Amino acid sequence: MNDLIHPTPIPDTTPVASELTFGETWDSAAIAELIRSKSSQGETPAFLFLGKTETALLREHLAEAFGEEAVATLKATYYRGLEVIPLECESFVFTGGRKTRRILQDPISHRPAWQDREISGLWQMRID
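For the sequence shown, our numbering gives the first residue as 587, with consecutive numbering after it.
Printed below as a string of structure tokens:
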């Protein structure tokens with residue numbers, strides 16, 4: 587009876603393939619390209635899932651820039667706009683979730699057009 591509602595067994599044990607593999611160092615360019623490849627029509631991935639190996643590589647990479655104390659834990663850490671989620675597996679890289687990109691607009695373009703107060707005052711009808 588449950589097969590009609592949930593065609594896959596629960597819990598779902600289907601493995602998810604890693605989207606990247608790293609060598610000895612963290613590859614920022616590969617992550618940036620992965621994010622670009624999965625971004626479309628104003629949406630980007632929201633999460634960066636990392637295995638133990640990749641978490642260690644990211645921690646080393648960030649420690650070079652910010653110091654060891656700053657990256658003692660990657661809890662609540664964002665990398666390239668994605669929340670980092672460390673996983674309990676040896677090697678894994680995956681981006682998932684969806685978030686909408688906010689488009690920055692020039693605040694000046696939202697201002698009303700400039701008007702000459704003296705001339706526009708002559709043409710305004712005031713009811714008091």
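The beta-carbon is built from N, C-alpha and C at its ideal position, and this holds for glycine as well. Just so we're clear, the structure is a prediction, and the values are computed from it rather than from any experiment.
Sort Glu676, Ala642 and Arg666 by Cα distance to Ala615 and report the nearest one. What you label residue 615 is simply residue 29 of the sequence shown in a count that begins at 1. Among Glu676, Ala642 and Arg666, the Cα nearest to that of Ala615 belongs to Arg666.
How is Ile596 classed by DSSP in three states: helix, strand or coil? As a first step, residue 596 must be located in the sequence shown, where it is residue number 10. Here Ile596 sits in coil by DSSP.
Just to confirm the assignment, what range does the alpha helix (DSSP H) spanning Thr681 have? Against the sequence shown, residue 681 aligns to sequence position 95. Segment Val679 to Gly682 is the beta strand (DSSP E) holding Thr681; no alpha helix (DSSP H) there.
Within 10 Å of its beta-carbon, does Val679 have 16 or more other beta-carbons around it, so buried, or fewer, so exposed? Within the sequence shown, numbered from 1, the residue matching residue 679 stands at position 93. Val679 comes out buried.
Tell me whether Thr600 is buried or exposed, calling it buried when 16 or more other Cβ atoms sit within 10 Å of its Cβ. Here residue 600 is taken as the residue at index 14 of the sequence shown, counted from 1. Thr600 is exposed by the Cβ-count criterion.
3-residue-minimum beta strand (DSSP E) runs that sit fully inside the stretch 591-660, ordered along the chain: 633-636
For the beta strand (DSSP E) that Glu669 lies in, which residues bound it at each end? Translated into the one-based positions of the sequence shown, residue 669 becomes position 83. Leu668 to Pro672 is the extent of the beta strand (DSSP E) around Glu669.
Looking only at its chain, what residues have a beta carbon closer than 7 Å to the beta carbon of Val602, apart from the 5 residues adjacent to it on each side? Position 16 of the sequence shown, counting from 1, holds the residue named residue 602. Phe680, listed in sequence order.
So Glu650 and Phe608 are supposed to be a Cβ contact under 8 Å. How far apart are they, rounded? Residue mapping note: residue 650 aligns to position 64 of the sequence shown, counting from 1. Residue mapping note: residue 608 aligns to position 22 of the sequence shown, counting from 1. With a Cβ gap of about 16 Å, Glu650 and Phe608 do not count as contacting.
Phe635, buried or exposed, once every other Cβ within 10 Å from all chains shown has been counted against 16: The residue given as residue 635 occupies position 49 in the sequence shown. Label assigned to Phe635: buried.
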